[in-house]
């Protein structure tokens, strides 16, 4: 499946105000260009950690009829447990916006949700030609190594023809391998 | 909608350093610096203009606290971080296991730990 129009949407107040340098977007651009050399790729202005801002961004981007939208960051339990952590709304916003999706949650043994990866399809009408197209939306975690691994797994599994659930699992497994010396307990 | 989940039994401590001046931080660089210092994996999980919060795997919090001065010096090597007179380690705690059977299933939108804490 060719991806001709790709949007990268970093999230997080710390990215927006420059406290943290956005090193994930260049990595995702690089991987995207390797997989889809013809693609037109746009990195949009970082979105604040507000659920309705993420939803509003999805509405705006739909008008561009993208093939793929990648959201970076906001994938953990974050503020729901620790007040010192940033607000993580990306996964919940995606679940609200998507017509069809698969999600994979990674919990620590402390019960805290360390990461939730969501991937799904958004049906976008192309009124000018009377057809509809699917846009793939997904999120990757904010930490650089996790974003790199998750997106690499997405590209590999998507180009292999796997379905959404299988791609979702492959992305989560790529993130899981980055946790050292752990045993996993599937639930 | 397909929902899958997994519990990871990795051992980690949460470390926070406050009293920093942060602008333009390269998180991959500081994870590398601290990982080399502590000889383990480090993941930055929260950054504000004056504090860093991170996960440190497979190391005892007491061991981290004993090396506070060395860690703060290491942090100062990262691009985008300036130490201040107030720089200090404010917490280093190991995560606590919970009994997953005791965590209420709902609401799914909340973090499991939040549900567990409320249930307690």
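Protein chains in written order, with this note's numbering: chain A, 648 to 834; chain B, 106 to 225. C-beta: ideal position from N, C-alpha, C; glycine also. Note that the structure is a prediction, hence the values are computed from the model and not measured.
Whole-angstrom C-beta distance between residue j and residue i, which should lie under 8 Å
i, j, result
"residue 755 (chain A)", "residue 735 (chain A)", "Actually they are not in contact, since the Cβ atoms of residue 755 (chain A) and residue 735 (chain A) sit about 14 Å apart, beyond 8 Å."
"residue 156 (chain B)", "residue 123 (chain B)", "4 Å"
"residue 799 (chain A)", "residue 678 (chain A)", "6 Å"
"residue 153 (chain B)", "residue 666 (chain A)", "7 Å"
"residue 656 (chain A)", "residue 698 (chain A)", "Residue 656 (chain A) to residue 698 (chain A), Cβ: 14 Å. No contact."
"residue 714 (chain A)", "residue 650 (chain A)", "4 Å"
"residue 671 (chain A)", "residue 791 (chain A)", "6 Å"
"residue 771 (chain A)", "residue 782 (chain A)", "5 Å"
"residue 815 (chain A)", "residue 764 (chain A)", "6 Å"
"residue 753 (chain A)", "residue 823 (chain A)", "7 Å"
"residue 184 (chain B)", "residue 134 (chain B)", "6 Å"
Rounded C-alpha distance that separates residue i from residue j
i, j, result
"residue 151 (chain B)", "residue 132 (chain B)", "10 Å"
"residue 700 (chain A)", "residue 690 (chain A)", "16 Å"
"residue 116 (chain B)", "residue 163 (chain B)", "5 Å"
"residue 723 (chain A)", "residue 786 (chain A)", "11 Å"
"residue 137 (chain B)", "residue 778 (chain A)", "49 Å"
"residue 748 (chain A)", "residue 129 (chain B)", "34 Å"
"residue 702 (chain A)", "residue 769 (chain A)", "13 Å"
"residue 664 (chain A)", "residue 142 (chain B)", "29 Å"
"residue 743 (chain A)", "residue 784 (chain A)", "12 Å"
"residue 762 (chain A)", "residue 676 (chain A)", "22 Å"
"residue 797 (chain A)", "residue 170 (chain B)", "33 Å"
"residue 106 (chain B)", "residue 685 (chain A)", "32 Å"
Cβ neighbours of residue i in the same chain (closer than 6 Å, five flanking residues each side left out)
i, result
"residue 674 (chain A)", "795"
"residue 687 (chain A)", "652"
"residue 147 (chain B)", "136, 139, 140, 159 and 161"
"residue 669 (chain A)", "657 and 662"
"residue 175 (chain B)", "none"
"residue 709 (chain A)", "771"
7 Å Cβ shell around residue i - same chain, five flanking residues per side excluded
i, result
"residue 802 (chain A)", "678 and 682"
"residue 149 (chain B)", "132, 135, 136, 157 and 159"
Own chain residues within Cβ distance below 8 Å of residue i, not counting five before or after
i, result
"residue 125 (chain B)", "155, 156, 157, 180, 186, 187, 188, 189 and 192"
"residue 177 (chain B)", "122, 188, 192, 193 and 194"
"residue 833 (chain A)", "Residue placement at residue 833 (chain A) cannot be trusted, given a pLDDT of 49 that sits under 50; the coordinates are not used to answer."
Note down, one range per segment and in chain order, each beta strand (DSSP E) of at least 3 residues found wholly within the stretch 110 to 190 of chain B. 117 to 127, 147 to 152 and 156 to 162
Taking only beta carbons into account, state which residues of the stretch 670 to 698 of chain A come closer than 8 Å to chain B, listed in chain order. 670
Which residues, taken in chain order from the stretch 127 to 150 of chain B, show a beta carbon closer than 8 Å to some beta carbon of chain A? For the stretch 127 to 150 of chain B, which is checked against every Cβ of chain A, the residues closer than 8 Å are 127, 128, 129, 130, 131, 132, 133, 136, 145, 146, 148, 149 and 150.
Give, in chain order, every unbroken run of the beta strand (DSSP E) that is at least 3 residues long and sits entirely within the stretch 668 to 712 of chain A. 687 to 690
Chain A contacts made by the stretch 163 to 194 of chain B, where a contact means CB separation under 9 Å: 163, 184 and 185
In chain order, what residues of the stretch 110 to 121 of chain B put their CB closer than 9 Å to some CB of chain A? 110, 111, 112, 113, 114, 115, 116, 117, 119 and 121
Which of the residues in the stretch 754 to 766 of chain A, read from start to end, lie with their CB under 8 Å from any CB of chain B? Of all residues in the stretch 754 to 766 of chain A, those with a C-beta nearer than 8 Å to a C-beta of chain B are 754, 755, 756, 757, 758, 759, 760 and 761, reading in chain order.
Scan the stretch 653 to 670 of chain A for residues whose Cβ lies nearer than 7 Å to a Cβ of chain B and list them as they occur along the chain. 661, 665, 666, 667, 668 and 670
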